[in-house]
Amino acid sequence: MERKVRVRFAPSPTGPLHIGGVRTALYNYLFARQMGGTMILRIEDTDQGRFVPGAEEYIIESLAWLGIEFDEGVHVGGPFAPYRQSDRKPLYRQYADQLIADGWAYYAFDTPESLDQIRKQYEAEKKAFQYDVTSRNGLRNSLTLTKEEVNQLLTANHPYVIRFKMPEDEDIVINDLIRGRVVVHSKLLDDKVLFKSDGMPTYHLANIVDDHLMEISHVIRGEEWLPSAPLHVMLYKAFGWEATMPEFAHLPLLLKPDGNGKLSKRDGDRLGFPVFPTQWQDPKTGEISSGYRESGYFPEAVINILAFLGWNPGTTQEMFSMEELIQAFSIDRISKSGAKFDLEKAKWFNQQYLRLLSGEELAVLFIPVLIEKGIKIETEKLAIICDLVKERLNFVKDLWEQTAFFFNTPTTYDEQVIKKRWKEDTAEHLQKINLLLEALHPFGTMAAHDKVVAYIQDNGLNMGQIMNCLRLVIVGAGTGPDLFTIISLIGKEEATKRINKGVAEINV
RNA sequence: GGUCCGUUCGUCUAGAUGGCCCAGGACGCUAGGUUUUCAUCCUAGAAAUCAGGGGUUCGAAUCCCCUACGGACUACCA
4 MERKVRVRFA PSPTGPLHIG GVRTALYNYL FARQMGGTMI LRIEDTDQGR FVPGAEEYII
64 ESLAWLGIEF DEGVHVGGPF APYRQSDRKP LYRQYADQLI ADGWAYYAFD TPESLDQIRK
124 QYEAEKKAFQ YDVTSRNGLR NSLTLTKEEV NQLLTANHPY VIRFKMPEDE DIVINDLIRG
184 RVVVHSKLLD DKVLFKSDGM PTYHLANIVD DHLMEISHVI RGEEWLPSAP LHVMLYKAFG
244 WEATMPEFAH LPLLLKPDGN GKLSKRDGDR LGFPVFPTQW QDPKTGEISS GYRESGYFPE
304 AVINILAFLG WNPGTTQEMF SMEELIQAFS IDRISKSGAK FDLEKAKWFN QQYLRLLSGE
364 ELAVLFIPVL IEKGIKIETE KLAIICDLVK ERLNFVKDLW EQTAFFFNTP TTYDEQVIKK
424 RWKEDTAEHL QKINLLLEAL HPFGTMAAHD KVVAYIQDNG LNMGQIMNCL RLVIVGAGTG
484 PDLFTIISLI GKEEATKRIN KGVAEINV
């Protein structure tokens, strides 16, 4: 059955969204856009205990920064509003009741304490306890209690949960778009809680009810959900919604760059790279976790990096704009195995995007930094400088390090260069060259170049004997872009001043 | 412990219907060239006995089986 593509990204607001979640959102988005479908943001906040203030706003803002847009959702509304599960609370109970009425679910009165007790007992015997077909007949629930006892407990407001009654003998089949056919036998599954004693549904119930009500066509989510997919399939069956059950696609996990295991929030600061799209401050502890935005990544680069972690176009093209990704994306080119994040490749991607910018565009990004440092400069000149150093940076924030000598006279000189290049007669040569530069009129890149080169030739010297030291007094270091361009940009006065200063300070 | 998923260079990966793969690309790395220097750029190179072992076949990274290893899940969390 062909139907309208409607996908959802459904995070729980328990903290900042990490890049694994961002990638899930991205794939949903690419798929929706390619199919001309609808992208929905639903907030799954059925666990009030884990709610973190600011997390929902964070999710919305960080995805907006990346250019992942929603057609419906908490922040934009839509025909299936509300899109926050806590706001949909009154809706879920009737579905749980329906399941009980149809024999697909039952009341369970066991207290968390008593279940903990049983779990510990099993553990002592090296067994694992499961609330399932084999154990439910020995527990306190509406399957073992009489109708009268159940009614009594209910009217007395005794706390209870509603559990799914997993069939005893049934092969449950999940046709995953990425993994193919996965079969799990029902007797191995437990009777999951669908409705909690606090009156809220669990993820499992709310998720299926909402996906159905919101007419979701494809569920694209992380692999960690694969084990509970059989339950979800059974729920669709129990509700009689099989005909409109969404297709499933379980994405491979994003792994820690070192060792093994799922990438976690802690890994970022431990390994020195961001795991969050934008910076996040924990409202409780005040602890700050770094973000891609604050680390200097372009949103386009982050999208490109994430798109390639678990998917590839099958061609050698690596640079993809969002539009190109929408064109090229396909679920059957998603890989099955987990991907480790590679910081070096991430930097490379950012560098590629940075090179796409012109000097003018870089200057605009650089100006705020200069203003903060109290430096004033015409935009035209700054654009030339930016263009000059463009190829030496990975990030916009590297600009200062690469250009500081344009704005500040050097105060230190690289010892290594002095040791290697500074000779007996260097000072004398530089002073003579300085005189020539001072007399130069008009002053410019080519003029300075010709003058210095002529001096070197006239005195039977070679370039290396002069250039490195001249650079040292001008820049303070042995590296950098074309020296005559630098000299021309800082101007005659500053250049000659620097030569005098350098000669004086280095010779002492 | 149980269930499920996975396994090609250090990393991301290419590899429809088995032969063009003694495995290709990218990042990183190494060397050389270019440059006054560094970066860029160019060229070259090292790097996977396709997890291991058995089959099937004239022929397997590609099909089948077993084993190992890794991971996810196993809450009144999502």
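So our numbering is basically just the index in the first sequence, starting at one, shifted up by 3. Ideal Cβ placement from N, Cα and C applies to all residues, glycine included. As the structure is a prediction and not an experimental result, all values here were calculated from the model.
Count the other CB atoms within 10 Å of the CB of residue i; is the residue buried (16 or more) or exposed (fewer)?
i: GLU227; result: exposed
i: GLN405; result: buried
i: SER340; result: exposed
i: ARG224; result: buried
i: GLU151; result: exposed
i: LYS376; result: exposed
i: ALA259; result: The sequence as given places Lys at residue 259; Ala does not occur at that position. Buried.
i: ASN462; result: exposed
i: LYS422; result: exposed
i: ASP445; result: The sequence given here has Pro at residue 445, not Asp. Its Cβ having fewer than 16 others within 10 Å, PRO445 is exposed.
i: LEU254; result: buried
i: SER65; result: buried
i: ALA246; result: exposed
i: GLU75; result: buried
i: GLU59; result: buried
Below 8 Å on the Cβ atoms is my guess for residue i versus residue j; work out the distance and round it to an integer in Å.
i: MET169; j: SER189; result: 5 Å
i: ILE165; j: TYR110; result: 6 Å
i: ILE459; j: MET466; result: 6 Å
i: TYR416; j: GLY479; result: 6 Å
i: LEU357; j: LEU396; result: 6 Å
i: VAL79; j: ARG87; result: That belief does not hold up - the Cβ atoms of VAL79 and ARG87 are roughly 12 Å apart, past 8 Å.
i: ILE509; j: TRP425; result: 6 Å
i: ILE502; j: ASN411; result: About 16 Å separates the two Cβ atoms, so there is no contact after all.
i: LEU328; j: LEU20; result: Contact flag wrong, Cβ pair sits at about 19 Å.
i: VAL367; j: TRP403; result: Not really, about 15 Å apart at Cβ, beyond 8 Å.
i: VAL278; j: LYS287; result: With a Cβ gap of about 19 Å, VAL278 and LYS287 do not count as contacting.
Taking just the CA atoms, how far does residue j sit from residue i?
i: GLY362; j: ILE388; result: 7 Å
i: GLN355; j: ILE211; result: 42 Å
i: GLY294; j: SER491; result: 39 Å
i: GLU427; j: LEU473; result: 14 Å
i: VAL455; j: MET470; result: 9 Å
i: PHE369; j: LEU385; result: 9 Å
i: SER292; j: TRP283; result: 5 Å
i: ASP485; j: ASN353; result: 24 Å
i: ALA84; j: ASP213; result: 11 Å
i: ASP390; j: GLY447; result: 18 Å
i: GLY23; j: HIS221; result: 19 Å
i: GLU394; j: LEU256; result: 34 Å
i: LYS379; j: GLU496; result: 18 Å
i: ILE493; j: THR499; result: 10 Å
i: VAL185; j: GLY202; result: 33 Å
i: TYR125; j: ALA310; result: 44 Å
i: ALA331; j: GLY313; result: 14 Å
i: ARG3; j: GLY57; result: Residue 3 is absent from the model: the chain starts at 4 and stops at 511.
i: LYS199; j: TYR163; result: 7 Å
i: LYS123; j: GLN155; result: 30 Å
i: TRP107; j: THR147; result: 15 Å
i: GLN97; j: ALA104; result: 10 Å
i: ARG9; j: ASP194; result: 30 Å
i: LYS400; j: GLY18; result: 27 Å
I'd like to confirm the pairing. Which residues does DSSP put opposite residue i in its beta bridges?
i: THR41; result: ARG9
i: LYS530; result: Since the first residue shown for the chain is 4 and the last is 511, residue 530 is missing from the structure and cannot be characterised.
i: SER292; result: TRP283
i: HIS221; result: VAL10, GLU250
i: ALA342; result: LEU257
i: ALA67; result: According to DSSP, which records beta bridges pairwise, ALA67 is partnered with nothing at all.
i: TRP314; result: ILE337
i: VAL186; result: VAL176
i: ARG87; result: ILE46
i: PRO204; result: PHE198
i: GLY80; result: GLY76
i: PHE167; result: ALA108
i: ASN144; result: ALA111
With respect to 7 Å, is the separation between the Cβ of residue i and the closest non-hydrogen atom of the ligand GTP below this value?
i: LEU473; result: Although the ligand GTP was asked about, the structure shown includes no ligands whatsoever.
Three or more C-beta pairs below 8 Å linking the region 36-53 and the region 14-24 = Result yes; three or more Cβ-Cβ pairs closer than 8 Å.
inquiry  = Any contact between the region 235-248 and the region 20-36? By contact I mean 3 or more CB pairs, one from each, below 8 Å.
reply    = no
request  = Decide yes or no for the touch test of the region 229-238 against the region 255-266: beta carbon pairs closer than 8 Å, at least 3 of them.
outcome  = A contact is defined here as three or more CB-CB pairs under 8 Å, and the region 229-238 fails this definition with respect to the region 255-266.
query = Counting pairs of beta carbons, one from the region 330-339 and one from the region 175-187, are three or more of them closer than 8 Å?
reply = Three or more Cβ pairs closer than 8 Å define a contact, and the region 330-339 meets that threshold against the region 175-187.
ask   = Is there contact here, the region 300-317 with the region 64-76, by at least three beta-carbon pairs under 8 Å?
value = yes
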